[in-house]
Amino acid sequence: SSSSGRGQAWEDMSYEDLCKSHVEQYLRGVDDMLHRSALESRVRDWRRRIEPALEEEDRRQVFDIHAYGESVKTRLSEEILVQAPTTRDVNDGFSFDVAVKGLARHDVCRAFLATLQLANDGNVEIGLEDPHDNSSIRLKLLSNDSKHKSMVSTYVAPSVASARKKRAKTSRTQEAQQQEHVAHADSGSQGEGATTGESTQASQLPTQELAAQEYGSASATTGGPTTKVPGR
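Our numbering numbers the first residue of the sequence shown as 640 and each following residue consecutively.
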């Protein structure tokens, strides 16, 4: 076995080599323990930094981009009322600071994301007071309409629209096949009826001739008048 082989190897080793082997094994264990301890220490540091931030995030209100958008529009509308056209041309818009005045840093970020959505919906126009300064954002209110509400009520997902088109196409195909089947069945019925009528007329001729012959024979026997069969 491996244990007996290892014991035999140790017996063959000198005392010095045996001590050296045990020391090396011990150092490898210490190194592994230190490595695990360093990893655990980094994990503890990471958790110590991230957990307070996560707890703070949990205490904040849920991010509703449309609610923040409504807040931005409200602030701009109020500023338009405060700044009379005689003192300021409101058509030039306002600094982004007007829309985020007094907000916390995380709310400023949320308001900026909502402003981008408003620009996409056509509610605001975003510009720069200084073309060389990307932080000099200027907003111009174009509309107070909540376009996202109408978009939500009329929006159809591409997958749903595709499924509807496929169902409509399938329905049209089935309807066309049914109409073709009905038309084929009607034409077959008409052809069968015409053939049946001709067969009936043809079968009636021998029957009429046979009846006439029997009547003629009976007349000759009784001395009565003889009926001439047509075509005979």
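All C-beta atoms, glycine included, are put in the ideal place defined by N, C-alpha and C.
For residue i, which three-state DSSP category applies?
i	result
residue 867	Confidence at residue 867 is low in this model, with a pLDDT of 49, below 50, so the placement of that residue should be treated as unreliable; the coordinate-derived value is given next. Coil, per DSSP.
residue 779	strand
residue 734	strand
residue 767	strand
residue 670	helix
residue 861	Bear in mind that a pLDDT of 49 at residue 861, under 50, signals an unreliable position, so the number given afterwards is only what the model happens to contain. Of the three classes helix, strand and coil, the one that applies to residue 861 here is helix, per DSSP.
residue 795	coil
residue 753	helix
residue 743	coil
residue 682	helix
residue 772	coil
residue 708	helix
residue 762	coil
residue 701	coil
residue 656	helix
residue 676	helix
residue 716	helix
residue 722	coil
residue 784	coil
residue 651	helix
Can you tell me the Cβ-Cβ gap for residue i and residue j, rounded? I've got them flagged as a contact below 8 Å.
i	j	result
residue 763	residue 754	6 Å
residue 783	residue 712	6 Å
residue 750	residue 742	6 Å
Is it true that the CB of residue j sits closer than 8 Å to the CB of residue i?
i	j	result
residue 737	residue 718	yes
residue 787	residue 705	yes
residue 765	residue 778	yes
residue 735	residue 715	no
residue 745	residue 806	no
May I have the straight-line CA-CA distance separating residue i from residue j, to the nearest angstrom?
i	j	result
residue 591	residue 800	For the chain, the structure presents residues 640 to 871; residue 591 sits outside this window and is missing.
residue 871	residue 824	Because the pLDDT at residue 871 is just 44, under 50, the model does not fix this residue reliably, and the value given afterwards should be weighed accordingly. The straight-line gap from Cα to Cα measures roughly 43 Å.
residue 708	residue 796	23 Å
residue 722	residue 804	52 Å
residue 814	residue 798	24 Å
residue 802	residue 816	21 Å
residue 692	residue 664	43 Å
residue 641	residue 669	At residue 641, the pLDDT of 48 sits below 50, so the modelled position is not reliable and the matter cannot be decided from this model.
residue 702	residue 679	34 Å
residue 689	residue 681	12 Å
residue 672	residue 662	15 Å
residue 652	residue 685	47 Å
residue 821	residue 810	17 Å
residue 687	residue 697	16 Å
residue 772	residue 752	19 Å
Between the options, which has its C-alpha nearest residue i's C-alpha?
i	options	result
residue 740	720, 664, 666, 710	710
residue 761	752, 681, 785	785
residue 776	811, 687, 731, 812	731
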